[in-house]
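Below is one structure, written out as structure tokens, with a few remarks after it.
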Amino acid sequence: MEKAPDSWVNVALSEVVAINPGIDKSRFSDDDELPFVPMPAVEAGTGGIDTSERRPFKKVKSGFTAFASGDVLFAKITPCMENGKMALVPDLPEGVGFGTTEFHVLRPTKAVDARLLYYFVSSASVRHEAQHSMTGAVGQKRVPKRFLEIKEFPLPPLNEQHRIVEKIEALFARIDKGEQALREVQKLLRRYRQSILKAAVTGELTHDWREANQHRLEPASDLLARILETRRENWQVRRKYKEPLSPDLVDLPQIPVGWAWAGPEQLSKSEPNSMCIGPFGSNLKVSDYSESGVPLIFVRHIRSRDFNGRDSKFVSEMKARELSSHRVFPGDLLITKMGEPPGDVAVYPKDAPTAVLTADCIRLSVADTEVSLSYLEAAISSPLVQAQIKRISKGVAQQKVSLANFKRIGLPIPPYAEQREISSRVTRAMARVDTLERTCVVELTRSTAIRQSILKSAFTGQLVPQDPADEPANELLARIRDEREATAKDRPRRKTRA
């Protein structure tokens with residue numbers, strides 16, 4: 005550990021900060037409206053806090069955490085603490101407020117600048133230590149009060165504290181501007197991505213190409229008729245063939261001449277369960293999971309398009325055979341049937357092993373000929389199709405789309421040659437977007453590292469120069485102790501009964 009300047013002193017945090025001190029509640033009546041801060045009102049990693057919510061005093065005076073203006077709130081529960089949900093309480097109308105019990109409250113004494121206290125407890129190094137001091141069950145682990153009481157705090161002279169805070173805020177303001185610019189770029193890239201997908205499924209993206217190649221394009225209606233005829237002819241199951249569902253075309257826009265609307269089931273293979281969802285209920289339980297075997301595909305894998313993550317789960321070969329109707333093969337289209345909204349889509353990689361679908365996922369095995377998987381992936385991701393999925397999704401806490409409803413969405417299908425041209429153009433455009441998005445992520449990660457480097461310098465005495473005229477921290481502490489003792493002596497003693 006780097007040596008602190010001679011004018012500094014290391015103290016236990018509880019020597020200069022009151023931890024969970026409470027407030028005087030006697031001055032409030034039950035109907036007084038006071039600020040209330042739930043956990044979502046504190047931003048992760050920024051110190052932002054929303055104190056606009058109001059609740060009557062009678063509703064919060066017991067069972068909640070009380071705090072005052074100038075206190076520092078420290079989220080004690082996982083993962084809020086690790087994510088940096090700490091904040092300096094601003095000036096409040098009544099000087100006090102209430103919040104969730106998942107906050108520790110730190111009230112600085114005259115020895116500590118409240119802003120410096122916030123920067124200290126919100127730093128990555130303190131949060132890392134706090135994480136390793138947590139107690140409790142998995143998912144409900146909390147930072148104990150004792151960790152904060154004994155945590156060593158490098159206390160600078162008070163004037164130097166003010167200089168440190170001013171320097172931190174000046175440097176962070178410059179970083180904020182850079183991060184804001186990067187986030188604006190990310191927003192623009194997301195919009196551009198959606199505009200590319202919209203142009204892909206409305207024909208705008210290949211308008212010039214279509215005009216030049218119109219004479220050699222087979223109409224998509226003929227393509228679809230051939231797929232359906234092949235599907236019918238190749239049906240080899242004993243039960244009677246059932247025609248796949250046609251799309252619901254109500255409120256769908258016009259598409260270019262030569263294109264056709266198709267439902268997902270119409271594009272599926274000529275075999276049972278070419279469209280299916282994952283097993284539910286007792287068919288697949290957590291107790292069936294193992295650390296090796298046949299991989300399971302969850303919603304998170306489809307959203308991330310990462311099917312080889314460290315969080316992968318498996319089932320045995322025997323269990324996989326039992327769930328054979330839910331198997332996933334390379335080249336299948338996978339769609340989430342839950343989310344905000346559902347409809348994330350990914351192609352299961354060509355080199356991936358066969359897998360088993362889990363609940364809240366849809367598998368679409370596409371007809372082998374004359375349907376481009378990459379085009380269908382782009383089409384389902386497009387605003388045109390996503391709007392349809394949103395309309396048919398239901399649920400309060402979690403939006404879900406049923407397989408039956410999903411089969412009725414309309415997919416705009418171009419001639420096969422145009423599908424391939426669209427896929428090529430979308431792939432090139434998205435590659436450029438991906439490169440820029442990765443650059444933004446790298447730069448945002450770098451700025452986070454710079455912030456932590458600044459805080460490290462701040463708490464080792466390297467951020468601002470020391471001033472010999474400053475009152476040393478040990479003298480500051482001694483003076484404050486003397487003032488506290490003098491105040492205690494002047495306080496009238498309670499009379500005791502004889």
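The working numbering applies: residue 5 is where the sequence shown begins, and numbers increase by one.
All C-beta atoms in this analysis are idealised placements derived from N, C-alpha and C, irrespective of residue type, glycine included.
Secondary-structure assignment with DSSP links T69 through a beta bridge to G103. By the Cβ neighbour-count rule, S457 is exposed, with fewer than 16 other Cβ atoms within 10 Å of its own. Excluding its 5 nearest sequence neighbours in each direction, K89 has C-beta neighbours in its own chain below 6 Å: V46, A48, A79, listed in chain order. Residue burial annotation: I417 is buried, with at least 16 other C-beta atoms found within 10 angstroms of its C-beta. According to the DSSP secondary-structure assignment, V93 is paired through a beta bridge with no residue. Residue R331 holds the alpha-carbon nearest to the alpha-carbon of L288 among R331, P276, E247, L249.
For L380, DSSP assigns no beta-bridge partner whatsoever.
The criterion of a C-beta distance shorter than 9 Å is satisfied by P161 and D471. Listed as beta-bridge partners of P416 by DSSP are W265.
For V13, the uninterrupted beta strand (DSSP E) segment begins and ends at 13-16.
In the three-state reduction of the DSSP assignment, L256 falls in the coil class, being assigned neither a helical nor a strand state. Contact between L77 and V109 holds: their C-beta atoms lie close to 6 Å from each other, under 8 Å. With at least 16 other beta carbons inside 10 angstroms of its own, F302 counts as buried.
Around the beta carbon of K411, 16 or more other beta carbons lie within 10 angstroms, which makes this residue buried. Residue burial is scored here from C-beta neighbours: K341 has at least 16 other C-beta atoms within 10 angstroms and is therefore classed as buried.
The beta carbon of G182 lies closer than 8 Å to those of E447, S451 in the same chain, with the five residues before and after it left out. Below 8 Å, enough C-beta pairs join the region 261-270 and the region 223-239 to call them touching: three or more. A direct Cα-to-Cα measurement between A8 and Q466 gives close to 9 Å. Within the DSSP bridge table, the entry for H136 names no partner. Classified as exposed, R31 has fewer than 16 neighbouring CB atoms from the shown chains inside 10 Å of its CB.
Excluding its 5 nearest sequence neighbours in each direction, L221 has C-beta neighbours in its own chain below 8 Å: R214, G262, P419, A421, E422, listed in chain order. Annotation: the continuous beta strand (DSSP E) that includes P39 extends over 37-41. Of the residues assessed, A70 falls on the buried side of the cut-off, its CB having 16 or more other CB atoms within 10 angstroms. Among the bridge pairs identified by DSSP, L337 is matched with V351, L368. Contact between the region 433-442 and the region 383-392 is not established, with fewer than three Cβ pairs separated by less than 8 Å. Under the three-state reduction of DSSP, G343 is assigned to strand. The C-beta separation of G282 from D364 comes to about 7 Å, placing the pair in contact by the 8 Å criterion.
Taking the C-beta atoms as reference points, G74 is found nearer than 9 Å to D95.
Residue state for I168 is assigned as helix, using DSSP reduced to three classes. Straight across, the Cα-Cα distance linking L377 with G347 is about 16 Å. Rounded to whole angstroms, the Cβ separation of A408 and L271 is 17 Å, and the two are not in contact under 8 Å.
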